[in-house]
């Protein structure tokens with residue numbers, strides 16, 4: 200596969216003369232691959248199931264930085280929105296496996312991911328209150344304020 204043409208600032212790819220926002224280059228390769236796979240799955244689902252699953256495309260594109268707030272000028276609210284999308288997209292992609300809040304922080308924060316860990320846990324807590332996420336520790340459901348490492352799993356209200 201050939202490298203796509205980019206604008207000089209690297210923020211956009213050019214396809215048939217049209218500019219499209221590029222994915223955030225600071226997403227670690229492994230997480231970027233998972234998010235791209237989720238995007239491709241979501242696009243296939245839209246073809247077979249229609250618009251009722253288009254939210255999956257939106258989550259994957261926001262997680263990748265291709266929609267929503269520009270990744271090169273993030274705000275606190277924009278990071279939180281991206282953290283939500285990353286958590287949902289990774290949980291759908293991993294289909295039954297859990298994720299670590301640090302996965303979301305790494306995807307959104309790049310090398311400065313540790314600065315986003317408190318926000319990632321807060322966002323996970325909000326998603327848990329909505330029933331989209333389960334928070335576990337050693338396989339048992341816990342509150343977001345649990346000390347130590349936690350895992351995030353799909354909650355009963357996570358749309359798939």
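Residue numbers (the numbering used here): 200 to 359. Note that the Cβ used here is the ideal one computed from N, Cα and C, for glycine as well. It should be emphasised that the depicted structure is a prediction, and the values quoted were computed from it without experimental measurement.
Whole-angstrom distance between residue j and residue i, CA atom to CA atom
i	j	result
residue 268	residue 223	11 Å
residue 317	residue 300	9 Å
residue 248	residue 263	23 Å
residue 327	residue 208	38 Å
residue 270	residue 339	35 Å
residue 219	residue 312	26 Å
residue 348	residue 329	21 Å
residue 254	residue 276	19 Å
residue 295	residue 217	38 Å
residue 359	residue 334	18 Å
residue 274	residue 250	30 Å
residue 215	residue 206	13 Å
Cβ shell of residue i (< 6 Å), same chain only, five flanking positions each side left out
i	result
residue 353	290
residue 322	279, 282, 283
residue 345	336
residue 331	354, 356, 357
residue 324	343
Check whether residue i and residue j have beta carbons under 8 Å apart
i	j	result
residue 213	residue 202	no
residue 229	residue 221	no
residue 314	residue 308	yes
residue 261	residue 252	no
residue 242	residue 256	yes
residue 320	residue 286	no
residue 297	residue 351	yes
8 Å Cβ shell around residue i - same chain, five flanking residues per side excluded
i	result
residue 292	233, 234, 236, 237, 240
One or two residues paired with residue i in a DSSP bridge
i	result
residue 333	352
residue 298	351
Test: residue i CB closer than 8 Å to a CB of chain B
i	result
residue 244	Going by chain labels, chain B is absent from the structure shown, which holds only one protein chain.
Beta-carbon proximity list for residue i, same chain, < 7 Å, skipping 5 on both sides
i	result
residue 288	234, 237, 258, 259, 262
residue 305	227, 230, 312
residue 265	220, 222
residue 272	none
residue 341	334, 335, 349
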